[in-house]
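Read top to bottom, the protein sequences are chains A, B, C and D. If you read the first sequence in UniProt numbering, its first letter stands for residue 1, the second for the next number, and so on. If you read the second sequence in UniProt numbering, its first letter stands for residue 1, the second for the next number, and so on. If you read the third sequence in UniProt numbering, its first letter stands for residue 1, the second for the next number, and so on. If you read the fourth sequence in UniProt numbering, its first letter stands for residue 1, the second for the next number, and so on. Step one of this worksheet: look at the structure below.
There are 4 protein chains.
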Amino acid sequence: MNGNEFGRLFRVTTYGESHGDAMGVTISGCPAGVELSVDDVQAELDRRKPGQSMITTSRGEPDAVVINSGTLDGYTTGTPIGMVVQNKDARSGKYEPYVTAPRPSHGDFTYSAKFGTRNWGGGGRSSARETVNWVAAGAVAKQVLEQSEYDIEVKAHVNQIGDVEAPPVTFEEMLEHSEENDVRCAHPETAEKMMEVIEQYQTEGDSIGGSIYFEAQGVPRGLGAPRFDSFSARLGQAMMAVPAATAFEFGLGREAREWTGSDRNEDWEFDENDDPRPVGNKHGGIQGGITTGQPIYGEMTLHAPTSIPKKQRTVDWETGEEKEIQVVGRHDPVLPPRGVPVVEAMLYATILDFMLLSGRINPDRLDGQVGEYDTPYHPSSPDNE
Amino acid sequence: MNGNEFGRLFRVTTYGESHGDAMGVTISGCPAGVELSVDDVQAELDRRKPGQSMITTSRGEPDAVVINSGTLDGYTTGTPIGMVVQNKDARSGKYEPYVTAPRPSHGDFTYSAKFGTRNWGGGGRSSARETVNWVAAGAVAKQVLEQSEYDIEVKAHVNQIGDVEAPPVTFEEMLEHSEENDVRCAHPETAEKMMEVIEQYQTEGDSIGGSIYFEAQGVPRGLGAPRFDSFSARLGQAMMAVPAATAFEFGLGREAREWTGSDRNEDWEFDENDDPRPVGNKHGGIQGGITTGQPIYGEMTLHAPTSIPKKQRTVDWETGEEKEIQVVGRHDPVLPPRGVPVVEAMLYATILDFMLLSGRINPDRLDGQVGEYDTPYHPSSPDNE
Amino acid sequence: MNGNEFGRLFRVTTYGESHGDAMGVTISGCPAGVELSVDDVQAELDRRKPGQSMITTSRGEPDAVVINSGTLDGYTTGTPIGMVVQNKDARSGKYEPYVTAPRPSHGDFTYSAKFGTRNWGGGGRSSARETVNWVAAGAVAKQVLEQSEYDIEVKAHVNQIGDVEAPPVTFEEMLEHSEENDVRCAHPETAEKMMEVIEQYQTEGDSIGGSIYFEAQGVPRGLGAPRFDSFSARLGQAMMAVPAATAFEFGLGREAREWTGSDRNEDWEFDENDDPRPVGNKHGGIQGGITTGQPIYGEMTLHAPTSIPKKQRTVDWETGEEKEIQVVGRHDPVLPPRGVPVVEAMLYATILDFMLLSGRINPDRLDGQVGEYDTPYHPSSPDNE
Amino acid sequence: MNGNEFGRLFRVTTYGESHGDAMGVTISGCPAGVELSVDDVQAELDRRKPGQSMITTSRGEPDAVVINSGTLDGYTTGTPIGMVVQNKDARSGKYEPYVTAPRPSHGDFTYSAKFGTRNWGGGGRSSARETVNWVAAGAVAKQVLEQSEYDIEVKAHVNQIGDVEAPPVTFEEMLEHSEENDVRCAHPETAEKMMEVIEQYQTEGDSIGGSIYFEAQGVPRGLGAPRFDSFSARLGQAMMAVPAATAFEFGLGREAREWTGSDRNEDWEFDENDDPRPVGNKHGGIQGGITTGQPIYGEMTLHAPTSIPKKQRTVDWETGEEKEIQVVGRHDPVLPPRGVPVVEAMLYATILDFMLLSGRINPDRLDGQVGEYDTPYHPSSPDNE
């Protein structure tokens, strides 16, 4: 509704500006009984943290999360989980020249056009810093799914930077290799080429676009609420909300336009349980807006970062001047490497939401024992000592 | 959806348990350009704060609020306002006896029956401590309304405690007297009697019910979304969410059952602007679910606090024992006095939500200058120095 | 949001004006596999139909419902159920005098103040005719609940008309007697007195208020989403949306203000399954906003019908004239008798919504066999012949 | 929530299966005072109607819409607009072989896996027939926008079929040429080639994919609710809900991955009103999730129709047999030509929703005269004769 909330039953509400006091996320609708520690969340935050490598901004944010509510003795209680990450290394001064002279292709002008004002330091609310909240929420969704009786796994990797494209990789390769290199590409040789390209643009004071391939395995058949809330429509919303996203594709994606029905259609066969199964997965795990049980996969395109040291031109709406600007500051030369945990988080959150909506995971409690009372998670319980 | 969110365009999301680390509220959908300081919010929080008088719990909570986001240089920016109140004086130990032996008529058992667990210290999420979030949200709504071009005012007072009932008072009397005494009754003599009654029950280790009369003046005609979201239906939801509420009435309320149509109906006359106006206000400001422009008024009944030192009986579901309990701790002997700011907050939030939904106050910005960009609220602006 | 929708998972969307072409209701979120026929719905519609007796309007509406979608061979398919009831006996001519001269205490003025226009025939959208949609939706909810593994029953009756009040009745008495008389009071002697009172007011060209007592048995413990969507808050919204509602109470209701904590609190005992159970039900089946498993009960006050033949005064905003009016037409002298099925419908819809939200009834399908495919309900299946 | 609703303030709720009795759509939240006739809606329905040409299914549906509510004397009243389209030419018999033997790449299996059953005739709820509802809703949105003070225009055309791609066309060319040929391509020579390709696949008993280019002009700057409800995220959801959609792109779309920041970024210049304007529109009208005032444009990829006469293989889950099927029936060999009005409808609905959310168009009434009453649209008014 107001842009700061995502999900229907697993509801994520966020706040925070890049140079505000703190980022915050509230998760309303996380089932009770999920083991959840600060470390579970912190581990994911560390993956998107700035300053991890040469190709990420040098902003010195520890991104230390605190959990203010919703857990007791290491387990969720079903009540909302409030988390806060303080902003530490905000240096707004550098942004003063842009207050009324918008940076090219940023949200500077549009935020001011919508609200009449904006928190201009570091891009304010339009900054990708907001995704710290999303990753925190995704970390919680991941815990719920991992502790459920389902065996759902999500992974993403960077499959293209500029014109350097990785060959297709398996899910196992993604699991094994995507976190090995700074660019988060699961194909090591391609990763090296990508690094070269990135460093070259960085040296030139420029930036470059790229894309992320994502995949979810183990998502059960039958998820998705046709029609406006089909699995693909909701995933489309989630992914197009990712900063700098300009394209969302699943299955054959854009290429499907050149395929015939007979080539794209997939016959049905019986699987090992004598259940119907499509013979292939060109459909990307979704038919009629509902999951088939095959892996869900697709791609996100992220445009090049708009903050570049190269000279550009803008206008100052207060003074009426045209002027030259160079966006100095601490910026990523490319977005997909840090976007990987963000895309994974949105995928986790979307899947969990559909799992709750279908009753596969009980919305009140992970153990599904509706109406059974118990309160074991307290200091005097031997289980917790 | 998940119980932790209120409103459609002015959206309030909360978290926190009585003895958790902190209470938190996110307001998504507050228009930009509203002057808002921590003091504005703190002033309202101080009104519901514990330890104000003999008849409120002695829990030592400073209830100091911090605003983590959504404002810049004292004005809202249109982005979500995140606020946090740390819990300081939580002493959970006293609650250990109740972990598996529910206190009579509390939410102890029902929370455990829903979630299988609960944060049992101080009542956890079911505690009225949660209303600190609501009052903070109401304080923001109040600022928006006060700075709008509308002249809307809200006030409530305690009109009954036990069998001590205040005579009808005017809106002006509420404004003048309701904050003068600890019981928040606008009729001074009745307030004294109420105090006596309360102190007597307190001495006896008992508690007593009561009620709050509320009124909103200046609400323009034409608000309310028939039919399920009529003004009365949404206000009904808001008010029945108040802890301990057992009845919601507006206009003649319950009494309307004994009135004839001819006595209750109100003829139309022309007002000073030659607009139709009902000759009276037995309808309570709402006809057909939509506001008439007359004051909106009604009553909330709050049952007696369930935490009482008197001996009661319970059962321990873990040990299978029946046992006697006395709920010691720091508790209010009566709820309405501290409920007054809560009821006002919910009324403010409800009114603002309808004002935004009707376009009377622009959802993006208070000045309504849609599409106009400006960014004056920064340190270098002379207006802000 | 826009007032024409109710529920979160069991979503009811309605349209229609009193003298428009048709009333319509869409139910989105009804689980698949529920046996549902037109007759199931029609039976409930017949209970609220006009022209049933001397004390209901003589408008000749057959209220014949058609189901346009969502069922196959007598079972729901999980897709939205679209139902339509044509309006047959609309005679708008009589309403022409009120187009710009609002009837006292109707929605005439407020609808025009909100929208600038209105369908003025018969009260248009503000007419209680809209509740035909609600009753249709409630009939579906009732079928779902009856066919679930839960044993949930809902009943209401008229417990007061004017100053004639029925003594408390049992649930069984409601089931047995409430449909025996035109006034729908489960206490036969009181029903007779009520009839006398109603007929007297009718003779005088007047109308009278009244109230409805409702009760739900078998609602399991643990339902309700604290805090803004507590069971009582959502029920409050549902009930306050009923046309002419001015008060909603549950448990002790308004009376709770005069009770001490020690009198109102209920000790816990073990029930026959060794589960904790409150020793009484002064709490009305809800504690901390969540159901206890005890019956949920309460009262709705409905003010007197505003359409009365007695002379009243109004103003015509077009001509600037003050004038006298007599609202002739076909009107009920009292609302509760026809309100009984409406209140029951809203209670059914609210309970089912919470049952789905808690996963007790699977949102996709009544049998809860998630991910299992089957399609037995087709003509060639022997089960359906 | 349940998949049958779209939009926040302009809410569209639909029902209907391909071979059910009727399709239905309810629009809740359309402002009052909009001139709206059955013809306005019918004109758009006729554009997506089957049987228009050789390359569309020969199913003989007149698709005659009726408006059951929400208008009076040709103007909307602000109350919900209920519309119904009867299904006439449903021949379910042909679909019997597929009841338990799913057609390749249809929703047959997934719907059964979700609900355990499905209305199997003609694809039931998963059929693109559902989009008749969307086009009806879009027709209403279009009227609202056209009668507003804004000059917003939407148009789409088919820009690729198989490997036949149209060169870029101007908005004016789309307006002028896209409806001239059966394939709805605004580039006449390409249209001819597309027709040849389509007919060839049709002859071979096959089908082919394609894409739709869409553009919206005149959308004001400042629309979009960062962050999850950014303009691009919501448009992504809307477009990915279109049957057979596998990719959504805006601006440079997928290509953006190969662009540098310096090439993609657009300097700011002053426009004729001395407002900042980007020097180009590679950003596709959206920056930071909010509109810039530049045209919004993008592409939708629709995969080839899955219903093809070619022999395919499936399994029957009831009999356990593997078998060969040929999907005879009346099917489109390509989707984009009939998808053009659907894409336009979703774009209109999305834009209007954001216009209402920003207060640019008043949610209650088109004239924005909040609180002013009037009721001019009745038979005795000279304006309506």
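Virtual Cβ for every residue (Gly too), placed ideally from N, Cα, C.
Can you name the residues of chain C whose CB is closer than 8 Å to the CB of residue i?
i        : result
Pro363/A : Leu357, Ser358, Gly359
Ser18/D  : By Cβ distance, chain C contributes nothing, its closest Cβ being about 10 Å from Ser18/D, past 8 Å.
Asn273/B : Result: empty, since nearest Cβ-Cβ is about 11 Å, beyond 8 Å.
Short check: CB of residue i to CB of residue j, under 7 Å?
i        : j        : result
Ala304/C : Gly218/C : no
His19/C  : Ala90/C  : yes
Phe250/C : Thr291/C : no
With 7 Å as the threshold, decide whether the Cβ of residue i is near any Cβ in chain D.
i        : result
Pro337/B : no
Gly224/B : no
Thr100/C : yes
Pro305/A : yes
Val169/B : no
Ala370/B : According to the sequence displayed, residue 370/B carries Val and not Ala. True, the Cβ-Cβ gap to chain D drops below 7 Å.
Sort the options by Cα distance to residue i and report the nearest one.
i        : options                               : result
Glu324/D : Pro309/D, Pro333/D, Leu335/D          : Pro309/D
Asn159/A : Pro167/A, Ile296/A, Leu223/A          : Pro167/A
Val140/B : Tyr150/B, Glu204/B, Glu189/B, Gly70/B : Gly70/B
Pro278/A : Pro243/A, Asn265/A, Gly222/A          : Asn265/A
Comparing the C-beta of residue i with each C-beta of chain C, is any distance below 7 Å?
i        : result
Phe115/D : yes
Tyr348/D : no
Asp21/D  : yes
Arg221/B : yes
Glu5/A   : no
Arg313/B : yes
Asn2/D   : yes
Along chain B, in chain order, which residues have C-beta atoms closer than 7 Å to that of residue i?
i        : result
Thr260/A : Within chain B, no residue comes near Thr260/A; the closest Cβ sits about 43 Å away, beyond 7 Å.
Trp317/A : Tyr373
Should residue i be flagged as near chain A, meaning a C-beta pair shorter than 7 Å?
i        : result
Gly209/D : yes
Pro382/C : Legend: pLDDT at Pro382/C = 39, less than 50; position of this residue unreliable, value from coordinates given subsequently. No, Pro382/C does not count as interfacial toward chain A.
Tyr15/B  : yes
Met240/D : yes
Ala137/D : no
For residue i, which residues in chain A fall below 9 Å Cβ to Cβ?
i             : result
residue 412/D : For chain D, the structure presents residues 1 to 385; residue 412/D sits outside this window and is missing.
Asn133/B      : Within 9 Å Cβ-Cβ: nothing; Asn133/B doesn't reach chain A, min ~10 Å.
Glu146/D      : The premise fails here: Glu146/D is roughly 24 Å from chain A at the closest Cβ pair, so nothing lies under 9 Å.
Lys155/D      : Per Cβ cutoff of 9 Å: no residues; Lys155/D is ~20 Å from chain A at best.
Whose Cβ in chain B lies nearer than 9 Å to the Cβ of residue i?
i        : result
Glu180/C : Under the 9 Å cutoff, chain B gives no residues; its nearest Cβ is about 22 Å from Glu180/C.
Output, in chain order, the set of chain D residues within a Cβ distance shorter than 7 Å of residue i.
i        : result
Gly289/B : Near Gly289/B there are no residues of chain D at all, since even the closest Cβ is about 12 Å away, more than 7 Å.
Taking 7 Å as the CB-CB cut-off, is residue i touching chain B?
i        : result
Asn68/A  : yes
Gly280/C : no
Leu366/D : no
Under 7 Å between beta-carbons, which chain A residues line up against residue i? List them in chain order, please.
i        : result
Glu130/D : Arg227
Against residue i, what residues of chain D qualify as contacts under a CB-to-CB distance less than 8 Å, listed in chain order?
i        : result
Leu252/A : Thr246, His303
Just to confirm, does residue i get its C-beta within under 6 Å of one of the non-hydrogen atoms of the ligand GTP?
i       : result
Lys94/B : The model depicted lacks the ligand GTP and carries no ligand whatsoever.
- Item | Residues in the stretch 25-59 of chain B having any Cβ partner in chain A nearer than 7 Å | Thr26, Ser28, Gly29, Ala32, Gly33
- Query: Can you list, in chain order, the residues of the stretch 74-93 of chain B whose Cβ is nearer than 9 Å to any Cβ on chain C?
  - Reply: none
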